[in-house]
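A.B. asks: Chains as they are written, first to last, in the working numbering: chain A, 1 to 307; chain B, 1001 to 1307.
Ideal placement from N, C-alpha and C gives every residue a C-beta, glycine not left out.
Just so you know, these numbers come straight off a predicted model, no measurement behind them.
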């Protein structure tokens, strides 16, 4: 199958308005009056971000959702994406069919459409780049730099589930019931960024960040960009109960310093309530402290580093 | 050097307005009233699109320019780009310094700025994805589908120079003087898409396409999208004189079916003059014919295929 047939068969059915059925050199995004376009790009790679044996539809969803997570943390409502696929010779048509099926499911779930992309062969690992687009009211993108002393710190969803899933794949010893094991693996494979929360987030967040490199490291980005200190109360971090049972005392520091959560951490006035958990406070100063039993925890590492 | 240091050192100095110094999860593109945003993405890979021994600044320029070529063919004036870099362990800081220097030179030349991106490690070949943005007046993007019988066919620049450069790297026998050899190699390494011609192109083109897969194959995209036939007069194709001397009778069919030219082919009314060459005509029917000495040439292949 040549490149054009491959695009026509698996990807043209996913194309939205402005994509011209993926038959042109480029795509068009008409301006949305009163809005800014927010854009982000993230690449996932076999052996680093997913495994060769992962189901293709989950790989597709992960590639999309790591980008939707960035948009969500900025308060942007997603609309379109570009897809760049570098395929090793081992990828067959069945894989592509399941992969494009995963994209179709997430397009329906999140109300987004494919705008264009690029495909090529590689002798290296399967590599998937997504560039995602979303909109915010003009000037309304949530920055990392707006946290102020007196703000509280919040996080959506659960932290550490993906790290638990990865530990299972790495054959770390556990006695988890099958359902709990599967739940952790599912979060590693398919993140659940709080996409529908983006609009509400704009109304309440003074600063926000996508939790992808580890909660403490990512809050460090807010602290640094805002010129403030952040203290996280370890016991307040929302962990999957199975991790507390499995990892014991190390569950909190591990969860707070692992990557791949794809939740949103944000600051705002104290006393907010909604689909999130209060985990700390913003004060004058610099850096991020993780308190466990009232004492500053020594952290194993401060988040995932690619280099 | 970790990912954040690498970005701060080599890429933050290239960041434009809306990029927040590459310190946030995403970037912002404010709407330009009365304009559409045009977006395209293309990936280049070591061993496929460039060689490991190519100078890093030329690799940077090729990664950018293959995308600027797409925008130009659509009549769009480029403004920003995103950069996704997957780096093998062999890449050292000297390489990155020269690479970012090449980006800086092209940013100045084309009036564009870096908006954001992603970096990661790979065990595979060096892989560089660029997503490029440009603007056209609302509804003004040139499509592939507007060619009509009676139009003439034109192309900018020279066709085949890049194929000549690649043949030199592949040790095809030649007796070219050093200056001519270097000129062909330079076009393989650094394409010269007619970026400044985009505005004028909008006024005269009924359809246009980026010449990247081979002139005949790319004109086939116009023929197919427009529902017309195209006849190319082989002797009219603007070839570097050195290729005619080197390749003899096969120069025209080879140049017309090799990839990597990154010029713009377009259709418009007959009798146009400007920085381009008339090479053929549009008629009713379908497909593309290449005439050489008045007879239809049997083509070795119809353009580069990735699969």
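Give the residues of chain B in contact with residue 27 (chain A), contact being defined as C-beta atoms less than 8 Å apart.
C.D. replies: To locate residue 27 (chain A), count along the first chain from 1; it is residue 27. By Cβ distance, chain B contributes 1038, 1039 and 1040.
A.B. asks: Any residues in the segment 1192-1225 of chain B with a beta carbon nearer than 7 Å to a beta carbon of chain A? Which ones, in chain order?
C.D. replies: 1209, 1210 and 1225
A.B. asks: Whose C-beta lies closer than 7 Å to the C-beta of residue 101 (chain A) among residues of the same chain, with five residues either side of it excluded?
C.D. replies: Within the first chain, numbered from 1, the residue matching residue 101 (chain A) stands at position 101. So the list reads 57, once near-sequence residues are dropped.
A.B. asks: What are the uninterrupted segments assigned as beta strand (DSSP E) that are 3 or more residues long and contained completely in the segment 20-84 of chain A, given in chain order?
C.D. replies: 27-29 and 35-45
A.B. asks: Based on the DSSP output, what are the partners of residue 154 (chain A) in its beta bridges?
C.D. replies: In the first chain, residue 154 (chain A) corresponds to position 154, counting from 1. A:266 and A:278, per the DSSP bridge assignment.
A.B. asks: Less than 6 Å between C-beta atoms, sequence neighbours within five positions excluded: which residues of the same chain meet that for residue 1106 (chain B)?
C.D. replies: In the second chain, the residue the question calls residue 1106 (chain B) occupies position 106. Taking residue 1106 (chain B) as the centre and dropping the five residues before and after it, the same chain places the C-beta of 1061 and 1064 closer than 6 Å to its C-beta, in chain order.
A.B. asks: Take residue 1236 (chain B) as the anchor and find which of B:1211, B:1158, B:1087 and B:1149 has the nearest alpha-carbon.
C.D. replies: The sequence position of residue 1236 (chain B) within the second chain is 236, counting from 1. Residue 1236 (chain B) has its Cα closest to that of B:1158, out of B:1211, B:1158, B:1087 and B:1149.
A.B. asks: In terms of residues, what are the limits of the alpha helix (DSSP H) holding residue 1105 (chain B)?
C.D. replies: Indexing the second chain from 1 puts residue 1105 (chain B) at position 105. Its alpha helix (DSSP H) spans residues 1093-1110.
A.B. asks: At least one CB of chain A closer than 8 Å to the CB of residue 1144 (chain B): is that the case?
C.D. replies: Counted from its first residue, the second chain places residue 1144 (chain B) at position 144. Yes, residue 1144 (chain B) lies at the interface with chain A (some Cβ there is under 8 Å from its Cβ).
A.B. asks: With distances taken between CB atoms, is the gap from residue 1255 (chain B) to residue 1290 (chain B) smaller than 8 Å?
C.D. replies: Position 255 of the second chain, counted from the first residue, corresponds to residue 1255 (chain B). Position 290 of the second chain, counted from the first residue, corresponds to residue 1290 (chain B). For residue 1255 (chain B) and residue 1290 (chain B), no; Cβs fall outside 8 Å.
A.B. asks: Considering just the uninterrupted stretch of the alpha helix (DSSP H) at residue 1203 (chain B), what are its terminal residues?
C.D. replies: Residue 1203 (chain B) sits at position 203 when you count from the first residue of the second chain. Run containing residue 1203 (chain B): 1198-1204, per the alpha helix (DSSP H) assignment.
A.B. asks: Alpha helix (DSSP H) containing residue 1255 (chain B): first to last residue?
C.D. replies: For the purposes of this step, residue 1255 (chain B) is identified with residue 255 of the second chain, where counting begins at 1. Per DSSP, residue 1255 (chain B) belongs to the alpha helix (DSSP H) from 1251-1257.
A.B. asks: Going by beta carbon distance, what residues of the same chain come within less than 7 Å of residue 1304 (chain B), once the five residues before and after it are set aside?
C.D. replies: Numbered from its first residue, the second chain carries residue 1304 (chain B) at position 304. Low per-residue confidence applies at residue 1304 (chain B): pLDDT is 48, beneath 50, and the placement is therefore not dependable, though the value from the model is reported in the following sentence. Once the five neighbours on either side are set aside, the close Cβ partners of residue 1304 (chain B) are 1213, 1214 and 1259.
A.B. asks: Which two residues bound the contiguous beta strand (DSSP E) that contains residue 1233 (chain B)?
C.D. replies: Indexing the second chain from 1 puts residue 1233 (chain B) at position 233. That run of the beta strand (DSSP E) goes 1229-1233.
A.B. asks: With a threshold of 16 other CB atoms inside 10 Å of the CB of residue 1225 (chain B), please say whether the residue is buried or exposed.
C.D. replies: Mapped onto the second chain, residue 1225 (chain B) falls at position 225. Looking at its Cβ environment, which holds 16 or more other Cβ atoms inside 10 Å, residue 1225 (chain B) is buried.
A.B. asks: Please report the distance separating the alpha-carbon of residue 191 (chain A) from that of residue 98 (chain A).
C.D. replies: As a position in the first chain, residue 191 (chain A) is number 191, starting the count at 1. As a position in the first chain, residue 98 (chain A) is number 98, starting the count at 1. Each residue's Cα considered, the two are about 18 Å apart.
A.B. asks: Taking the continuous alpha helix (DSSP H) assigned at residue 1219 (chain B), which residues delimit it?
C.D. replies: Sequence index remark: in the second chain, residue 1219 (chain B) carries index 219 (1-based). 1215-1226 is the span of the alpha helix (DSSP H), which, as asked, contains residue 1219 (chain B).
A.B. asks: Beta-carbon within less than 8 Å of residue 34 (chain A)'s beta-carbon, same chain only, minus the 5 sequence neighbours each way: which residues are those?
C.D. replies: Working through the first chain from its first residue, we reach residue 34 (chain A) at position 34. These residues qualify, in order along the chain: 137 and 138.
A.B. asks: Please report whether the beta-carbon of residue 74 (chain A) lies at a distance below 8 Å from any beta-carbon of chain B.
C.D. replies: Residue 74 (chain A) sits at position 74 when you count from the first residue of the first chain. Output row for residue 74 (chain A): interface = yes.
A.B. asks: In chain B, what lies closer than 8 Å to residue 123 (chain A) by C-beta?
C.D. replies: For the purposes of this step, residue 123 (chain A) is taken as residue 123 along the first chain, with counting starting at 1. Per Cβ cutoff of 8 Å: 1047, 1124 and 1125.
A.B. asks: Could you check the C-alpha separation between residue 77 (chain A) and residue 228 (chain A) for me, to the nearest Å?
C.D. replies: Within the first chain, the letter at position 77 stands for residue 77 (chain A). Within the first chain, the letter at position 228 stands for residue 228 (chain A). The straight-line gap from Cα to Cα measures roughly 28 Å.
A.B. asks: Applying the criterion that 16 or more other CB atoms from any shown protein chain within 10 Å of the CB defines a buried residue, is residue 307 (chain A) buried or exposed?
C.D. replies: Residue numbering aside, residue 307 (chain A) sits at position 307 when the first chain is read from its first letter. Below a pLDDT of 50, predicted positions are generally treated as unreliable, and residue 307 (chain A), at 46, falls in that range; the measurement from the model is reported next regardless. Answer is exposed; the Cβ neighbour count stays below 16.
A.B. asks: At the level of alpha carbons, what is the spacing between residue 292 (chain A) and residue 1017 (chain B)?
C.D. replies: Locating residue 292 (chain A) in the first chain gives position 292, counting from the first residue. Locating residue 1017 (chain B) in the second chain gives position 17, counting from the first residue. So the alpha carbons of these two residues sit roughly 41 Å apart.
A.B. asks: Please classify residue 1242 (chain B): does DSSP put it in a helix, a strand, or coil?
C.D. replies: Residue numbering aside, residue 1242 (chain B) sits at position 242 when the second chain is read from its first letter. Of the three classes helix, strand and coil, the one that applies to residue 1242 (chain B) here is helix, per DSSP.
A.B. asks: Let's see if you can read the secondary structure: which residues bound the beta strand (DSSP E) around residue 1211 (chain B)?
C.D. replies: Here residue 1211 (chain B) refers to the residue found at position 211 when the second chain is read from its first residue. Residue 1211 (chain B) -> beta strand (DSSP E) spans 1207-1211.
A.B. asks: Quick one: any contact between the segment 116-129 of chain A and the segment 203-211 of chain A, if contact means 3 or more CB pairs under 8 Å?
C.D. replies: no
A.B. asks: Note down, in chain order, every chain A residue with its Cβ under 9 Å from the Cβ of residue 1129 (chain B).
C.D. replies: Within the second chain, numbered from 1, the residue matching residue 1129 (chain B) stands at position 129. By Cβ distance, chain A contributes 41, 43, 84, 86, 118, 127, 129 and 131.
A.B. asks: Report the rounded CA-to-CA distance for residue 14 (chain A) versus residue 85 (chain A), giving the unit in angstroms.
C.D. replies: The count along the first chain starts at 1 and reaches residue 14 (chain A) at position 14. The count along the first chain starts at 1 and reaches residue 85 (chain A) at position 85. Looking at the two C-alpha atoms, the distance is approximately 15 Å.
A.B. asks: Assuming the contact rule is C-beta atoms closer than 8 Å, residue 280 (chain A) and residue 230 (chain A) should be a hit. Round their C-beta distance to whole Å, please.
C.D. replies: Start at 1 with the first residue of the first chain, and residue 280 (chain A) comes out as number 280. Start at 1 with the first residue of the first chain, and residue 230 (chain A) comes out as number 230. At roughly 6 Å, the Cβ-Cβ gap stays under 8 Å, so residue 280 (chain A) and residue 230 (chain A) are in contact.
A.B. asks: Take the Cβ of residue 245 (chain A) as the centre, count every other Cβ of all protein chains shown within 10 Å, and call the residue buried at 16 or more, exposed below.
C.D. replies: As a first step, residue 245 (chain A) must be located in the first chain, where it is residue number 245. By the 10 Å Cβ count, residue 245 (chain A) comes out exposed.
A.B. asks: Contact between the segment 1023-1037 of chain B and the segment 35-54 of chain A: three or more CB pairs below 8 Å?
C.D. replies: yes
A.B. asks: When you check each C-beta in the segment 1002-1034 of chain B against every C-beta of chain A, which residues fall closer than 9 Å?
C.D. replies: 1002, 1003, 1004, 1005, 1006, 1018, 1020, 1023, 1024, 1025, 1026, 1027, 1028, 1029, 1030, 1031, 1032, 1033 and 1034
A.B. asks: If the criterion is Cβ atoms closer than 8 Å, does the pair residue 131 (chain A) and residue 211 (chain A) meet it?
C.D. replies: Locating residue 131 (chain A) in the first chain gives position 131, counting from the first residue. Locating residue 211 (chain A) in the first chain gives position 211, counting from the first residue. Not in contact: residue 131 (chain A) and residue 211 (chain A) (Cβ atoms no closer than 8 Å).
A.B. asks: By DSSP, does residue 295 (chain A) sit in helix, in strand, or in coil?
C.D. replies: The residue labelled residue 295 (chain A) in the question sits at position 295 within the first chain. In this structure, residue 295 (chain A) counts as strand in the three-state DSSP scheme.
A.B. asks: What is the rounded straight-line gap between the Cα of residue 1294 (chain B) and the Cα of residue 1181 (chain B)?
C.D. replies: Taking the second chain and counting its residues from 1, the one referred to as residue 1294 (chain B) is at position 294. Taking the second chain and counting its residues from 1, the one referred to as residue 1181 (chain B) is at position 181. Between residue 1294 (chain B) and residue 1181 (chain B), the C-alpha separation is close to 31 Å.
A.B. asks: Quick one: give me the first and last residue of the alpha helix (DSSP H) that residue 165 (chain A) is part of.
C.D. replies: Counted from its first residue, the first chain places residue 165 (chain A) at position 165. 161-169 is the extent of the alpha helix (DSSP H) around residue 165 (chain A).
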